[in-house]
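Enquirer: As you go down the protein sequences, you meet chains A and B in turn. FYI, the numbering for the first sequence is -10 to 213, going by the numbering used here. FYI, the numbering for the second sequence is -10 to 213, going by the numbering used here. Glycine included, C-beta positions come from ideal geometry on N, C-alpha and C.
Protein chains: 2
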Amino acid sequence: IIQIDNLNKSYIIGNQILPVLKELSLTVQKGEYVALMGPSGSGKSTLMNIIGCLDSFNTGTYKLNQIEVSKLNDNELAEIRNHQIGFIFQTFNLLPRYSALENVELPLIYAGWNKKNRRERAIEVLKQVGLEDRMTHKPNELSGGQRQRVAIARALVNNPAILLADEPTGNLDSKTSEEIMSLFETIHQNGNTIIIVTHEEDIAQKSRRIIRLLDGKIDKDTLI
Amino acid sequence: IIQIDNLNKSYIIGNQILPVLKELSLTVQKGEYVALMGPSGSGKSTLMNIIGCLDSFNTGTYKLNQIEVSKLNDNELAEIRNHQIGFIFQTFNLLPRYSALENVELPLIYAGWNKKNRRERAIEVLKQVGLEDRMTHKPNELSGGQRQRVAIARALVNNPAILLADEPTGNLDSKTSEEIMSLFETIHQNGNTIIIVTHEEDIAQKSRRIIRLLDGKIDKDTLI
Ligand SMILES: Nc1ncnc2c1ncn2[C@@H]1O[C@H](COP(=O)(O)OP(=O)(O)OP(=O)(O)O)[C@@H](O)[C@H]1O
Ligand SMILES: Nc1ncnc2c1ncn2[C@@H]1O[C@H](COP(=O)(O)OP(=O)(O)OP(=O)(O)O)[C@@H](O)[C@H]1O
Ligand SMILES: [Mg+2]
Ligand SMILES: [Mg+2]
Chain A
-10 IIQIDNLNKS
0 YIIGNQILPV
10 LKELSLTVQK
20 GEYVALMGPS
30 GSGKSTLMNI
40 IGCLDSFNTG
50 TYKLNQIEVS
60 KLNDNELAEI
70 RNHQIGFIFQ
80 TFNLLPRYSA
90 LENVELPLIY
100 AGWNKKNRRE
110 RAIEVLKQVG
120 LEDRMTHKPN
130 ELSGGQRQRV
140 AIARALVNNP
150 AILLADEPTG
160 NLDSKTSEEI
170 MSLFETIHQN
180 GNTIIIVTHE
190 EDIAQKSRRI
200 IRLLDGKIDK
210 DTLI
Chain B
-10 IIQIDNLNKS
0 YIIGNQILPV
10 LKELSLTVQK
20 GEYVALMGPS
30 GSGKSTLMNI
40 IGCLDSFNTG
50 TYKLNQIEVS
60 KLNDNELAEI
70 RNHQIGFIFQ
80 TFNLLPRYSA
90 LENVELPLIY
100 AGWNKKNRRE
110 RAIEVLKQVG
120 LEDRMTHKPN
130 ELSGGQRQRV
140 AIARALVNNP
150 AILLADEPTG
160 NLDSKTSEEI
170 MSLFETIHQN
180 GNTIIIVTHE
190 EDIAQKSRRI
200 IRLLDGKIDK
210 DTLI
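(1) If you follow the alpha helix (DSSP H) that Gly133 (chain B) is part of, which residue opens it and which one closes it?
(2) Quick one: which residues of the stretch 36 to 60 of chain B get their C-beta closer than 7 Å to a C-beta of chain A? List them in chain order.
(3) Going by alpha carbons, who is nearest to Asn(-5) (chain B) out of B:Glu12, B:Ile1, B:Ile6 and B:Ala154?
(4) For His177 (chain B) versus Ile169 (chain B), is the C-beta spacing smaller than 8 Å?
(5) Tell me whether the beta-carbon of Lys238 (chain A) lies closer than 8 Å to the beta-carbon of Asn47 (chain A).
(6) Between which two residues does the alpha helix (DSSP H) harbouring Ser171 (chain B) extend?
(7) For Ser88 (chain A), count the other beta carbons within 10 Å of its own beta carbon; 16 or more makes it buried, fewer makes it exposed. Which is it?
(8) Which residue wins for smallest C-alpha separation from Tyr99 (chain A), given the options A:Ile(-9), A:Leu15 and A:Asn64?
(9) Got a sec? Which residues, its chain only, sit under 8 Å from Ile213 (chain A) by beta carbon, not counting five neighbours each side?
(10) Do we get a CB-CB distance below 8 Å when we pair Thr16 (chain A) with the residues of chain B?
(11) Just to confirm before moving on: does the CB-CB distance between Ala154 (chain B) and Val114 (chain B) stay below 8 Å?
(12) Ligand 3 and Gln79 (chain A): does any heavy atom of the ligand fall closer than 7 Å to the residue's C-beta?
(13) Is it true that the CB of Arg201 (chain A) sits closer than 8 Å to the CB of Met37 (chain A)?
(14) On the three-state DSSP scale, how would you describe Pro8 (chain A)?
(15) On the CB-based measure, 16 or more other CB atoms within 10 Å of its CB, does Lys33 (chain B) come out buried or exposed?
(16) So does Gly133 (chain B) have its beta carbon nearer than 7 Å to some heavy atom of ligand 3?
(17) Decide if the stretch 136 to 156 of chain A is in contact with the stretch 63 to 83 of chain A; the criterion is three or more beta carbon pairs, one per stretch, under 8 Å apart.
(18) So Val9 (chain B) packs on Tyr0 (chain B), CB below 8 Å; how close in whole Å?
(19) Cα separation between Met124 (chain A) and Glu167 (chain A)?
(20) Note down, in chain order, each residue of its chain lying with its Cβ closer than 6 Å to the Cβ of Thr16 (chain A), except the 5 sequence neighbours on either side.
(21) Could you tell me if the beta carbon of Asp155 (chain B) falls within a distance shorter than 7 Å of some heavy atom in ligand 4?
(22) In the DSSP assignment, find the unbroken alpha helix (DSSP H) run with Thr35 (chain A) in it and report its ends.
(23) Identify the contact partners of Pro149 (chain B) in chain A, using a Cβ-Cβ distance below 8 Å as the criterion.
(24) Quick one: does the C-beta of Ser34 (chain A) sit closer than 7 Å to a heavy atom of ligand 3?
(25) Measure from the C-beta of Glu156 (chain B) to each C-beta in chain A and report whether the shortest distance is under 8 Å.
(26) Does the separation of the CB atoms of Leu83 (chain B) and Val139 (chain B) fall below 8 Å?
(27) Helix, strand or coil: which one does DSSP assign to Ser196 (chain B)?
(28) Out of B:Ile(-10), B:Ser29 and B:Gln5, state which residue places its alpha-carbon closest to the alpha-carbon of Gln137 (chain A).
(29) Measuring CA to CA, which of B:Asn106, B:Lys60, B:Asp204 and B:Phe173 is closest to Ile141 (chain B)?
(30) Quick check on the DSSP output: what are the complete alpha helix (DSSP H) runs of length 4 or more inside the stretch 73 to 122 of chain B, in order along the chain?
(31) Indicate the three-state DSSP secondary structure (helix, strand or coil) for Ser14 (chain A) in the structure shown.
(32) Using a Cβ-Cβ cut-off of 6 Å (strictly less than) and excluding sequence neighbours within five positions of Tyr51 (chain A), which residues of its own chain qualify?
(33) For the beta strand (DSSP E) containing Ile1 (chain B), name the first residue and the last one.
(34) For the beta strand (DSSP E) holding Ile183 (chain B), just list the boundary residues, first then last.
(35) Relative to the C-alpha of Gly41 (chain B), which residue among B:Asp191, B:Ala144, B:Gly159 and B:Leu161 is closest?
(36) Determine, for Ser(-1) (chain A), whether the minimum Cβ-Cβ distance to residues of chain B falls below 8 Å.
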C-alpha cells in the first residue's frame, strides 16, 4: 500500500541545505501494523508527513496504492488525506476556537456526512477515548492528555484505511495508554494499516514490525 | 519551601463549576526531588501552574518560602517566576518567531544579564541538552523532541532554586531521556528543589518521593 524508493528530503535553513531523509526505501503492505522508532531528530515526523501527503520530498518515488504521489495535484492530495488517511499529529494541531466535539466532527464535514450522523459518530469515538464528559471543552480547557485523545478521536472518526500516529501516547498515563493501544489493535484486526511513531519499547511491542530510523536512514527493520 | 493547605481550584465552564483540585494539602522541603503522577485529567498541570505562580486558586493557602502567594501583586509574582522558578511546560510554549538560542536567552534578559554572558550561558545549556547544532533553528524548524529540549534548556538557564517540569521527557527517546534525567540529578545534587510530572514509572523512580494524584486529591505519597 506504501512503496517508497530512494527518497530524499532536505530542508533549507538560512543559506544551507540540511538533508533529513537520505536515500530512504520502505515498503508497507496493506493491513500491516508498523512501529517507527529512532532518536529525537532522526526524521520520523518528516517521514510520517510525507507518507500522509502533508509534505513534499526532493528526489525518489512514493507510491500510495500504486499511485505516484508527487504527480498528484493539491485537490487529489486533499482527497486522499480526507478519505484514506487518519493522522494523529505529535503536536495535536486542534482548532483552538472549537470544542472537542467540533474538532472531531471536522473530517466528517469534509466527507459530506449529515449533521445527525456526524454528531453520533463523533460522540461514539470520543466515548472510546474516554472523553464523553469533556466534549464541550475547547482545547485550552483540556489537559495535555485530553487534547491528545481529541487528536486521536479525530483521526479515527472516519475509519481511515491508513492510520498514521505520531507519538499518540506521549502524554497519557499507563492505563489510558493501554486503552488507546487496544483501540488500535481493534483497528488493525479490522484490516486497516497502522504506522505508529513511538519512543516507548512496550508500545512498539504491540505492533507487528519495528522499523528503526537513524540519521535519516532505516537502520533496522524487524518483524515481531 | 512549598506549603499548601486545603487548596481548592475550580474552573468555570459554560455556566457550571468544575472542581479540579479539592482540599489539597502538600509540603515540599527545600532540596527535595518529587515526582507527581496520576491519571490524565487528575489535576497535575493545574497544581504545577499554581505552584509556579502562573495561576490563582479559589480557597486555601500556598506559602512559598513562608510567603503567602495569594497576597502578592503581579510584579512580585513575576519577580518570583523570573528568579526562583524554572518551568518546563507540557506544551513547551516557545516563542515561534525566535530561534532556540533566543528562546533560551529570554530568562537571562529578564534577569539583567549582559549580552555576552547571556549568549555564553544559553549556549552552555543548549549543549547540555544536545542541541548545539540546532541553536539557530526556530521552533517550527525543530523536531518535537528538540522543541522539548529547548523548553528544558530555557528552564535551566538561570539555575533556578525550584525546577518545575511538566512531563519533560514525553517526546524523547530513551537515550535522550536518560541524558536529561542525569542533568536533573546534577541539579538535585546542587541543592535545588525539583518537582517533575511524569506518567512513566522508570522516570518517577529517579526521584526521591512519588506523589500520586487522583481526581484532584493526593491519593498516595511515598518516599523511594
Ligand atoms: N480552562 C479550563 N476550563 C475548564 N476545565 C479545565 C480547564 N483547564 C483544565 N481543565 C480540566 O481540569 C482537569 C485537570 O486538568 P490538568 O491539565 O491539571 O490535568 P493533568 O493531570 O495535567 O492531565 P494530563 O496528564 O492529561 O496532562 C481536566 O479534567 C481538564 O479537563
Ligand atoms: N522546517 C525545518 N527546517 C529545518 N530543519 C528542520 C525542519 N523541520 C525539521 N527539521 C530538522 O529535521 C530533523 C528531523 O526532524 P523530525 O521532526 O522528522 O524528527 P523526529 O524523528 O520526529 O524527532 P522527535 O522524536 O524529536 O519528534 C531534525 O533534526 C530537525 O531539526
Ligand atoms: Mg517527531
Ligand atoms: Mg498535564
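Expert: Reading from the atomic positions:
(1) For this step, residue 133 (chain B) is matched to residue 144 along the second sequence. Here the alpha helix (DSSP H) through Gly133 (chain B) covers Gly133 to Leu145.
(2) none
(3) Stepping through the second sequence from its first residue, residue -5 (chain B) is reached at position 6. Cα-wise, what sits closest to Asn(-5) (chain B) is B:Glu12.
(4) Here residue 177 (chain B) refers to the residue found at position 188 of the second sequence. Here residue 169 (chain B) refers to the residue found at position 180 of the second sequence. Not a contact, by the Cβ cut-off of 8 Å.
(5) Beyond the ends of chain A as shown, which are -10 and 213, falls residue 238 (chain A); an answer cannot be given.
(6) Taking the second sequence and counting its residues from 1, the one referred to as residue 171 (chain B) is at position 182. That run of the alpha helix (DSSP H) goes Ser163 to Gln178.
(7) For the purposes of this step, residue 88 (chain A) is taken as residue 99 along the first sequence, with counting starting at 1. So Ser88 (chain A) ends up on the buried side.
(8) Working through the first sequence from its first residue, we reach residue 99 (chain A) at position 110. With distances taken between Cα atoms, Tyr99 (chain A) lies closest to A:Asn64.
(9) Position 224 of the first sequence, counted from the start, is the residue given in the question as residue 213 (chain A). Within the same chain, Ile213 (chain A) has close Cβ partners Gln194, Ser196, Arg197, Arg198 and Ile199.
(10) What you label residue 16 (chain A) is simply residue 27 of the first sequence in a count that begins at 1. It does not: the Cβ of Thr16 (chain A) has no partner Cβ on chain B nearer than 8 Å.
(11) Counted from its first residue, the second sequence places residue 154 (chain B) at position 165. Counted from its first residue, the second sequence places residue 114 (chain B) at position 125. No.
(12) Along the first sequence, one-based indexing puts residue 79 (chain A) at 90. At least one heavy atom of ligand 3 is nearer than 7 Å to the Cβ of Gln79 (chain A), so yes.
(13) Along the first sequence, read from residue 1 onward, the residue named residue 37 (chain A) stands at position 48. Along the first sequence, read from residue 1 onward, the residue named residue 201 (chain A) stands at position 212. Taking 8 Å as the Cβ cut-off, Met37 (chain A) and Arg201 (chain A) do not qualify as a contacting pair.
(14) Start at 1 with the first residue of the first sequence, and residue 8 (chain A) comes out as number 19. Correct three-state label for Pro8 (chain A): strand.
(15) Residue mapping note: residue 33 (chain B) aligns to position 44 of the second sequence, counting from 1. Answer is buried; the Cβ neighbour count reaches 16.
(16) Taking the first residue of the second sequence as position 1, residue 133 (chain B) is located at position 144. Checking every heavy atom of ligand 3 against the Cβ of Gly133 (chain B), one is found closer than 7 Å.
(17) yes
(18) Sequence index remark: in the second sequence, residue 9 (chain B) carries index 20 (1-based). Sequence index remark: in the second sequence, residue 0 (chain B) carries index 11 (1-based). Yes, they are in contact, since the Cβ atoms of Val9 (chain B) and Tyr0 (chain B) sit about 6 Å apart, within 8 Å.
(19) Against the first sequence, residue 124 (chain A) aligns to sequence position 135. Against the first sequence, residue 167 (chain A) aligns to sequence position 178. Rounded to the nearest angstrom, the two C-alpha atoms are 21 Å apart.
(20) Numbered from its first residue, the first sequence carries residue 16 (chain A) at position 27. These residues qualify, in order along the chain: Gln(-8).
(21) As a working mapping, residue 155 (chain B) is identified with position 166 in the second sequence. Yes, the beta carbon of Asp155 (chain B) sits closer than 7 Å to at least one heavy atom of ligand 4.
(22) Numbered from its first residue, the first sequence carries residue 35 (chain A) at position 46. First-last of the alpha helix (DSSP H) with Thr35 (chain A): Lys33 to Ile40.
(23) Taking the second sequence and counting its residues from 1, the one referred to as residue 149 (chain B) is at position 160. Going along chain A, no residue has its Cβ under 8 Å from Pro149 (chain B), so there is no contact; the nearest lies around 22 Å.
(24) On the first sequence, residue 34 (chain A) is found 45 positions in, with the first residue counted as 1. Yes - ligand 3 has a heavy atom lying nearer than 7 Å to the Cβ of Ser34 (chain A).
(25) Translated into positions along the second sequence, residue 156 (chain B) becomes position 167. Chain A contact via Cβ: present.
(26) Here the question's residue 83 (chain B) lines up with position 94 in the second sequence. Here the question's residue 139 (chain B) lines up with position 150 in the second sequence. It is a contact, given that the beta carbons lie within the stated cut-off.
(27) To locate residue 196 (chain B), count along the second sequence from 1; it is residue 207. Coil.
(28) If you number the first sequence from 1, residue 137 (chain A) lands on position 148. Among B:Ile(-10), B:Ser29 and B:Gln5, the Cα nearest to that of Gln137 (chain A) is on B:Ser29.
(29) The residue labelled residue 141 (chain B) in the question sits at position 152 within the second sequence. Of the listed residues, the one whose Cα sits closest to Ile141 (chain B) is B:Phe173.
(30) 89 to 99 and 104 to 117
(31) Here residue 14 (chain A) refers to the residue found at position 25 when the first sequence is read from its first residue. The answer is strand: DSSP assigns Ser14 (chain A) an E or B state.
(32) For the purposes of this step, residue 51 (chain A) is taken as residue 62 along the first sequence, with counting starting at 1. The answer, listed in chain order, is Ile(-7) and Val58.
(33) One-based indexing of the second sequence puts residue 1 (chain B) at position 12. That run of the beta strand (DSSP E) goes Ile(-9) to Ile2.
(34) Numbered from its first residue, the second sequence carries residue 183 (chain B) at position 194. From DSSP, the beta strand (DSSP E) with Ile183 (chain B) extends over Thr182 to Val186.
(35) Within the second sequence, the letter at position 52 stands for residue 41 (chain B). Among B:Asp191, B:Ala144, B:Gly159 and B:Leu161, the Cα nearest to that of Gly41 (chain B) belongs to B:Ala144.
(36) In the first sequence, the residue the question calls residue -1 (chain A) occupies position 10. Answer no: the Cβ-Cβ gap between Ser(-1) (chain A) and chain B never drops below 8 Å.
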